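K.L.:
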Amino acid sequence: MPVKPVEKIWMNGKLVNWNDATIHVLSHVIHYGSSWFEGIRCYNTKKGSAIFRLDKHLERLFDSTKMYYTEIPYTVKELENACIDTIHANKMKACYIRPVVYRGYGDVGVYPLNNPVDVAIAVWEWATYLGADALQNGIDVCVSSWNRPAPNTLPTMAKTGANYANSQLIKVEALKMGFVEGIALDVNGYVSEGSGENIFIVKDNVVYTPPLSSGILPGITRSSVITMLRENGYDIREDQVPRELLSIADEIFFTGTAAEITPVRSVSHIKVGAGKPGPITMKMQELFFDIIQNGNDKHGWLKFI
20 MPVKPVEKIW
30 MNGKLVNWND
40 ATIHVLSHVI
50 HYGSSWFEGI
60 RCYNTKKGSA
70 IFRLDKHLER
80 LFDSTKMYYT
90 EIPYTVKELE
100 NACIDTIHAN
110 KMKACYIRPV
120 VYRGYGDVGV
130 YPLNNPVDVA
140 IAVWEWATYL
150 GADALQNGID
160 VCVSSWNRPA
170 PNTLPTMAKT
180 GANYANSQLI
190 KVEALKMGFV
200 EGIALDVNGY
210 VSEGSGENIF
220 IVKDNVVYTP
230 PLSSGILPGI
240 TRSSVITMLR
250 ENGYDIREDQ
260 VPRELLSIAD
270 EIFFTGTAAE
280 ITPVRSVSHI
290 KVGAGKPGPI
300 TMKMQELFFD
310 IIQNGNDKHG
320 WLKFI
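To convert, take the position in the sequence shown, counting from 1, and add 19; that gives the numbering used here.
(1) Hey, could you find the ends of the beta strand (DSSP E) Asp-223 is sitting in?
(2) Would you say the stretch 39-48 touches the stretch 288-297, given that touching needs at least three Cβ pairs under 8 Å?
(3) At a cut-off of 6 Å, is Trp-55 close to the ligand ADP when judged by its beta-carbon and the heavy atoms of the ligand?
(4) In the DSSP assignment, the beta strand (DSSP E) including Lys-75 goes from what residue to what residue?
(5) Mind reading off the beta-carbon distance from Ile-202 to Leu-265? Whole number of angstroms is fine, and I expect it under 8 Å.
(6) Pull the bridge partners of Ser-68 from the DSSP assignment, please.
(7) Take Gly-294 as the anchor and find which of Met-303, Arg-284, Lys-302 and Thr-300 has the nearest alpha-carbon.
(8) Here's the rule: buried if 16 or more other CB atoms are within 10 angstroms of the residue's CB, otherwise exposed. What is Glu-305?
(9) Could you check the C-alpha separation between Ile-267 and Asp-258 for me, to the nearest Å?
(10) In three-state DSSP terms, what is Ala-146?
(11) Out of Ser-242, Lys-65, Ile-59 and Ala-278, state which residue places its alpha-carbon closest to the alpha-carbon of His-76.
(12) Roughly how many angstroms separate the alpha carbons of Ala-69 and Val-48, rounded to a whole number?
(13) Considering only residues of the same chain and omitting the five flanking positions on each side of Ser-83, which have a CB-CB separation below 7 Å?
(14) Per the DSSP calculation, Phe-272 is bridged to which residue(s)?
(15) By a C-beta neighbour count over all protein chains shown, 10 Å radius and 16 as the cutoff for buried, is Met-196 buried or exposed?
(16) So, using beta-carbon positions, are Phe-273 and Gly-213 closer together than 7 Å?
(17) Report all residues from its chain with a CB closer than 8 Å to the CB of Arg-337; omit the five preceding and five following residues, and keep chain order.
(18) If you compare alpha carbons, which of Gly-128, Asp-74 and Tyr-115 is closest to Gly-52?
(19) Can you check which of these residues, Asn-207, Val-138, Met-301 and Ala-181, is closest to Phe-219 by C-alpha distance?
(20) With a threshold of 8 Å, are at least 3 pairs of Cβ atoms found where one atom belongs to the stretch 151-162 and the other to the stretch 103-111?
(21) With DSSP as the reference, label Pro-298 as helix, strand or coil.
(22) Quick test of your reading: Leu-45 and Tyr-124, contact by CB under 8 Å. State the CB separation rounded to the nearest angstrom.
(23) Of the residues Val-35, Asp-74, Arg-262 and Met-86, which one's Cα is nearest the Cα of Leu-173?
(24) Out of curiosity, what's the CA-to-CA distance linking Val-22 and Arg-167?
(25) Return the first residue and the last residue of the alpha helix (DSSP H) that Arg-249 is part of.
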């Protein structure tokens, strides 16, 4: 899905024209994947434009860079204001927001700390991530042949560009085999997550989701859904999920900033439940979309701008 250019991108404290938002070919990030980023959404709710959980997204961004000995040269408040300024500069009521921190032009060797830390924020229009009818009808996925990184190899809790080489392999393999998405297992063969989504599995009215120790990214939408499940009396368990549970699940759904809450209707050609969104999935969609569409936010998750 090509990105439609907008007028301005925020780069290192300044709003620059879209076509001028460039970096040097010898920037460290190009050669060694030294970038950290967030995916955030601004929704045009019935109560006005609002960014979903901006504070938590920026907190995760700072956490991600800390794991890589990297200090962002701006405060959380400065980046929060920069996100809002970039949205206003492009006169957008709803958009996807991409803050990215990266090692710029300096030394070309692996050692990163002699390279500058640059920051950019872009916004653009983004439709349904996994297909036009994905939210209503669900998607067909497979179990990937690619695992998530093993413990003590890469910090999977960091949202870093380097980790998304693994995600690319999962995604490409799935699409080449005719699926919409792939589900990765962790190094021990337990369910981990999709290429860019966390996963929830329902069996006998118990909702399971893999723990952080299964190589997952600590998703902001995942956290929100766990909160909503608990508030509504569901039995939610963060525990290792055996692969075979995917075959006998009553419901499966993905969560993520881009995916929002997307039902899964089949896994590796095995139908999930009735092959359509189940009641718990639909309840979570109902609660989530009441927040982001109607602006009915009792948690303080929306930042109206």
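Here a beta-carbon is modelled for each residue, glycine too, at the ideal position from N, C-alpha and C.
Note that the structure is a prediction, hence the values are computed from the model and not measured.
P.N.:
The answer reads as follows:
(1) Position 204 of the sequence shown, counted from the first residue, corresponds to residue 223. Premise fails: Asp-223 is in no beta strand (DSSP E) and is neither H nor E.
(2) Fewer than three Cβ pairs drawn from the stretch 39-48 and the stretch 288-297 lie within less than 8 Å of each other, which leaves the two stretches out of contact.
(3) No copy of the ligand ADP appears in this structure; indeed no ligand is present at all.
(4) Mapped onto the sequence shown, residue 75 falls at position 56. Where Lys-75 is concerned, there is no enclosing beta strand (DSSP E), although the alpha helix (DSSP H) around it starts and stops at 73-85.
(5) Counting from 1 along the sequence shown, the entry for residue 202 is found at position 183. Counting from 1 along the sequence shown, the entry for residue 265 is found at position 246. With 8 Å as the limit, Ile-202 and Leu-265 qualify as a contact, their Cβ atoms being about 7 Å apart.
(6) For this step, residue 68 is matched to residue 49 along the sequence shown. Listed as beta-bridge partners of Ser-68 by DSSP are Asn-63.
(7) The sequence position of residue 294 within the sequence shown is 275, counting from 1. Minimum Cα distance to Gly-294 is reached at Arg-284.
(8) On the sequence shown, position 286 is the one that residue 305 refers to. A residue is called buried once 16 or more other Cβ atoms fall within 10 Å of its Cβ, and Glu-305, having fewer, is exposed.
(9) Here residue 267 refers to the residue found at position 248 when the sequence shown is read from its first residue. Here residue 258 refers to the residue found at position 239 when the sequence shown is read from its first residue. Ile-267 and Asp-258 have their C-alpha atoms roughly 17 Å apart.
(10) Translated into the one-based positions of the sequence shown, residue 146 becomes position 127. The three-state reading of DSSP puts Ala-146 in coil, since its state is none of H, G, I, E or B.
(11) The residue given as residue 76 occupies position 57 in the sequence shown. Ranked by how close their Cα comes to the Cα of His-76, the residues Ser-242, Lys-65, Ile-59 and Ala-278 have Ile-59 in first place.
(12) Counting from one through the sequence shown, the residue named residue 69 turns up at place 50. Counting from one through the sequence shown, the residue named residue 48 turns up at place 29. C-alpha separation (whole angstroms): 31 Å.
(13) Numbered from its first residue, the sequence shown carries residue 83 at position 64. If we look at Ser-83 and ignore the five residues flanking it on each side, its Cβ neighbours are Trp-55, Ala-177, Lys-178 and Thr-179.
(14) As a first step, residue 272 must be located in the sequence shown, where it is residue number 253. DSSP links Phe-272 through a beta bridge to Phe-219 and Pro-282.
(15) Locating residue 196 in the sequence shown gives position 177, where the first residue counts as 1. Exposed, by the Cβ-count rule.
(16) On the sequence shown, position 254 is the one that residue 273 refers to. On the sequence shown, position 194 is the one that residue 213 refers to. Cβ distance < 7 Å, so Phe-273 and Gly-213 count as in contact.
(17) The chain is shown from 20 up to 324; residue 337 falls before or after that span and cannot be answered.
(18) Translated into positions along the sequence shown, residue 52 becomes position 33. Closest option to Gly-52, Cα to Cα, is Gly-128.
(19) Against the sequence shown, residue 219 aligns to sequence position 200. From the listed residues Asn-207, Val-138, Met-301 and Ala-181, the smallest Cα separation to Phe-219 is found for Met-301.
(20) The stretch 151-162 vs the stretch 103-111: no contact.
(21) In the sequence shown, residue 298 corresponds to position 279, counting from 1. Pro-298 carries a helical assignment under DSSP once its states are collapsed to helix, strand and coil.
(22) Here residue 45 refers to the residue found at position 26 of the sequence shown. Here residue 124 refers to the residue found at position 105 of the sequence shown. Sure, about 6 Å apart at Cβ, within 8 Å.
(23) By 1-based counting over the sequence shown, the position of residue 173 is 154. For Leu-173, the closest C-alpha among the options Val-35, Asp-74, Arg-262 and Met-86 is that of Met-86.
(24) For the purposes of this step, residue 22 is taken as the residue at position 3 of the sequence shown. For the purposes of this step, residue 167 is taken as the residue at position 148 of the sequence shown. The straight-line gap from Cα to Cα measures roughly 28 Å.
(25) Taking the first residue of the sequence shown as 1, we reach residue 249 at position 230. Element bounds for Arg-249: 239-250.
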